[in-house]
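J.: Could you have a look at this structure, given as structure tokens, before my questions?
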Amino acid sequence: DAGITQSPRHKVTETGTPVTLRCHQTENHRYMYWYRQDPGHGLRLIHYSYGVKDTDKGEVSDGYSVSRSKTEDFLLTLESATSSQTSVYFCAISPGQDNYGYTFGSGTRLTVV
Amino acid sequence: LAKTTQPISMDSYEGQEVNITCSHNNIATNDYITWYQQFPSQGPRFIIQGYKTKVTNEVASLFIPADRKSSTLSLPRVSLSDTAVYYCLVASGGSYIPTFGRGTSLIVHP
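Chains as they are written, first to last, in the numbering used here: chain Y, 1 to 113; chain Z, 1001 to 1110.
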């Protein structure tokens, strides 16, 4: 979607290696989110941010960390990738202010071998 | 956080109107109802948001009864390209943490 980009789009990595996924927005939205989507589980929230340097855990945060040093970028890091983290990762943004129309990125397909 | 219940799947045919109902019995006074559409290999896309009565945009209509314990997304004259998963979300007013359920898989047949 316009205004939000994820990189990389695809990545294959080995078990035990660190991986960082990037979400970049040009909308100046306050809220940013990381989800993972797996068959049979739907979309599950990993971490979210409500401002620069303000982040909190979602329902499946174990094994993941995030950072937001500026409004436009929200990074998701897998410190030591495991096969269970093979998934499609989506970033989303929201302006808040009674607007619940979240905008999602195109996703990153991560495979841990 | 209001829990939502939707049918797992629905089938329809091109040109028909499709109504997908979502139950949210414990919706709070300041909660909003939103619907999203997701195609395979893409992120969800916002369709419509409502609080009460009826909301209509160029894509769909959202009907919310007075008690707000359910809502119905109406897609007029569907086409094959409307085949997707549709999610109903209840957003707590002032809390911007969207929680997705399993959604409804809509398949439109020729």
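All residues carry an ideal CB built from backbone N, CA and C; glycine is no exception.
What you are looking at is a predicted structure, and each value in this text was computed from that prediction instead of being measured.
State the CB to CB distance for the pair T1104 (chain Z) and I1027 (chain Z), rounded to an integer number of angstroms; the pair is presumed to be in contact (CB under 8 Å).
T.: As a first step, residue 1104 (chain Z) must be located in the second sequence, where it is residue number 104. As a first step, residue 1027 (chain Z) must be located in the second sequence, where it is residue number 27. Actually they do not touch by this definition, with Cβ atoms about 18 Å apart.
J.: Helix, strand or coil: which one does DSSP assign to D38 (chain Y)?
T.: What you label residue 38 (chain Y) is simply residue 38 of the first sequence in a count that begins at 1. Three-state DSSP puts D38 (chain Y) in a strand.
J.: Identify whether Q1006 (chain Z) lies in helix, strand or coil by the three-state DSSP scheme.
T.: For this step, residue 1006 (chain Z) is matched to residue 6 along the second sequence. The answer is coil: DSSP assigns Q1006 (chain Z) none of H, G, I, E or B.
J.: Got a sec: is the Cβ-Cβ distance from Q1006 (chain Z) to anything in chain Y below 8 Å?
T.: If you number the second sequence from 1, residue 1006 (chain Z) lands on position 6. Answer no: the Cβ-Cβ gap between Q1006 (chain Z) and chain Y never drops below 8 Å.
J.: Indicate the three-state DSSP secondary structure (helix, strand or coil) for Q1016 (chain Z) in the structure shown.
T.: Mapped onto the second sequence, residue 1016 (chain Z) falls at position 16. DSSP, read as helix, strand or coil, puts Q1016 (chain Z) in coil.
J.: Within this structure, are the beta carbons of L1062 (chain Z) and K1069 (chain Z) separated by less than 8 Å?
T.: One-based indexing of the second sequence puts residue 1062 (chain Z) at position 62. One-based indexing of the second sequence puts residue 1069 (chain Z) at position 69. Cβ atoms of L1062 (chain Z) and K1069 (chain Z): not closer than 8 Å.
J.: What are the partner residues of R44 (chain Y), as DSSP defines its beta bridges?
T.: Along the first sequence, one-based indexing puts residue 44 (chain Y) at 44. Answer by DSSP bridge pairing, in chain order: Y:R36.
J.: Show which residues of chain Z have a CB atom less than 9 Å away from the CB atom of F104 (chain Y).
T.: As a position in the first sequence, residue 104 (chain Y) is number 104, starting the count at 1. Within 9 Å Cβ-Cβ: Y1036, Q1038, Q1042, G1043, P1044, R1045 and F1046.
J.: Straight-line CA distance for Y1096 (chain Z) to D56 (chain Y)?
T.: Position 96 of the second sequence, counting from 1, holds the residue named residue 1096 (chain Z). Position 56 of the first sequence, counting from 1, holds the residue named residue 56 (chain Y). If you take the alpha carbons of Y1096 (chain Z) and D56 (chain Y), they lie about 12 Å apart.
J.: Apart from the five residues on each side of it in sequence, which residues of its chain come closer than 6 Å, Cβ to Cβ, to W1035 (chain Z)?
T.: Translated into the one-based positions of the second sequence, residue 1035 (chain Z) becomes position 35. Only I1047, I1048, L1073 and C1088 meet the Cβ criterion.
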